[in-house]
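Engineer: Following the working numbering, the numbering of the sequence shown begins with 5 at its first residue and continues without gaps.
One structure is given below, represented as structure tokens, and several questions about it will come after.
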Amino acid sequence: MAEKARHRGSADVIHIALAKKIVIVSFTAEFIEVHELSLVFVHRRRDRRLQVMEEGAFEVWGQSPSQKQIEDVYASYHELEESRRRELEKAEKLRAERNAERKLEEKKRRADKHNSDDEDSDEWVEVTHDMRMEEAAREAREEQEIPGPALPEHLQARNQLGQNIKANYGKDMLKGEAAAMAAYAARGERIPRRGEIGLSSAEISEFEKVGYVMSGTRHKAMEATRLRKENQVLTAEEKRLLSGFSQEERKKKESAMLEQMRSLIASKRAE
Numbered sequence: 005m006a007e008k009a010r011h012r013g014s015a016d017v018i019h020i021a022l023a024k025k026i027v028i029v030s031f032t033a034e035f036i037e038v039h040e041l042s043l044v045f046v047h048r049r050r051d052r053r054l055q056v057m058e059e060g061a062f063e064v065w066g067q068s069p070s071q072k073q074i075e076d077v078y079a080s081y082h083e084l085e086e087s088r089r090r091e092l093e094k095a096e097k098l099r100a101e102r103n104a105e106r107k108l109e110e111k112k113r114r115a116d117k118h119n120s121d122d123e124d125s126d127e128w129v130e131v132t133h134d135m136r137m138e139e140a141a142r143e144a145r146e147e148q149e150i151p152g153p154a155l156p157e158h159l160q161a162r163n164q165l166g167q168n169i170k171a172n173y174g175k176d177m178l179k180g181e182a183a184a185m186a187a188y189a190a191r192g193e194r195i196p197r198r199g200e201i202g203l204s205s206a207e208i209s210e211f212e213k214v215g216y217v218m219s220g221t222r223h224k225a226m227e228a229t230r231l232r233k234e235n236q237v238l239t240a241e242e243k244r245l246l247s248g249f250s251q252e253e254r255k256k257k258e259s260a261m262l263e264q265m266r267s268l269i270a271s272k273r274a275e
């Protein structure tokens, strides 16, 4: 029995060893087969990469354009730029022609208006000495026809003398402002102020007498400027009138002295 058991145990050991060898051999064969398959796959992938590098993969990216295609693209681009440049030049030329036509029409319109104004205006006539004498005689006749007492000649001469003297209105005055203010002062009217539009000086004076205050009077700086300008104009007018009066008095004194000298010379000659 013991021997049978021993033989059976040794047989089992042999079977186990054989089974292990079979497993190792089968695993080795499978490993070799897998390794060979992997080598085949690697070689195939490498060959495919080389083919893609040489030929390209058109399913992924397109083929590079040829030299002729590139030249065609550049030629079409230059043609497009040239046509656009011609269109811009044509549009600029058309715009210049329109502007020239518009200016010509405006010039023609102004010339027509000027011609119509010239036709409506009086024709220039040369004034001669005879025409001046006739005009003076006509004015004298018109003055004689005026009803009421006439202004004395010495007052007219004094007024004319004062008008010939140029007044010095000072500085910080706008062009023509002092003369306009002096004209109102000479007529004895109220000098208009800035912003007073639509009413005469007499109407504004009546409103101020009632109690109304003009907008220009409220502003202190404007009021001070107005007072300064009015004082300058009134002072200059007073000086001008006084200068005219003093000149008139000087002429009277000179005339009296000349008359005395003439009478003295006449009396000496009579002796």
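Yeah, the Cβ is synthetic: ideal placement off N, Cα and C, and Gly gets one too.
None of the values given here were measured: they were computed from a predicted structure.
Return the Cβ separation of K233 and M185 in integer angstroms, given the expectation that the two are a contact with Cβ distance under 8 Å.
Structural biologist: About 7 Å; that satisfies the 8 Å criterion.
Engineer: DSSP three-state label for Q236, please.
Structural biologist: The answer is helix: DSSP assigns Q236 an H, G or I state.
Engineer: Assuming A187 contacts E241 under a Cβ cut-off of 8 Å, what Cβ separation, rounded to an integer in Å, is found between them?
Structural biologist: That belief does not hold up - the Cβ atoms of A187 and E241 are roughly 10 Å apart, past 8 Å.
Engineer: Roughly how far, in whole angstroms, is the beta-carbon of Y173 from the beta-carbon of Q251, given that I think they are within contact range, below 8 Å?
Structural biologist: Between Q251 and Y173 the Cβ distance is about 20 Å, and since that is not below 8 Å, they are no contact.
Engineer: From which residue to which residue does the alpha helix (DSSP H) around M177 run?
Structural biologist: Where M177 is concerned, there is no enclosing alpha helix (DSSP H), given that its DSSP letter is neither H nor E.
Engineer: Given D124, which residues of its chain have a CB within under 7 Å of its CB, disregarding the five upstream and five downstream residues?
Structural biologist: Confidence is the limiting factor: at D124 the pLDDT is only 48, short of 50, which leaves the residue's position unreliable, though a coordinate-based value still follows. Closer than 7 Å at Cβ, skipping near neighbours: no residue.
Engineer: Looking at R197: is its Cβ nearer than 9 Å to the Cβ of M177?
Structural biologist: Cβ atoms of R197 and M177: not closer than 9 Å.
Engineer: To the nearest angstrom, how far is it from the Cα of Q73 to the Cα of T32?
Structural biologist: Taking the straight line from one Cα to the other gives about 59 Å.
Engineer: A4 by DSSP, collapsed to three states: which one?
Structural biologist: A question about residue 4 goes unanswered here, because the residues of the chain that appear run from 5 up to 275.
Engineer: Counting C-beta neighbours from all protein chains within 10 Å, is the total for A79 16 or more, i.e. buried, or is it exposed?
Structural biologist: Burial call: exposed.
Engineer: Inspect the beta-carbon positions of I208 and R194 and report whether they are closer than 9 Å.
Structural biologist: A contact, by the Cβ cut-off of 9 Å.
Engineer: Whole angstroms are fine: how far does the CA of F62 sit from the CA of V46?
Structural biologist: Using only the alpha carbons, I get a separation of about 23 Å.
Engineer: Per DSSP, what kind of secondary structure is Y188 in: helix, strand or coil?
Structural biologist: Helix, per DSSP.
Engineer: What did DSSP end up calling R266 once you bin it into helix, strand or coil?
Structural biologist: If DSSP states are grouped into helix, strand and coil, R266 belongs with the helices.
Engineer: Which whole-angstrom value describes the C-beta separation of Q71 and G60, a residue pair presumed to lie in contact below a C-beta threshold of 8 Å?
Structural biologist: Contact doesn't hold; Cβ gap of about 17 Å is too wide.
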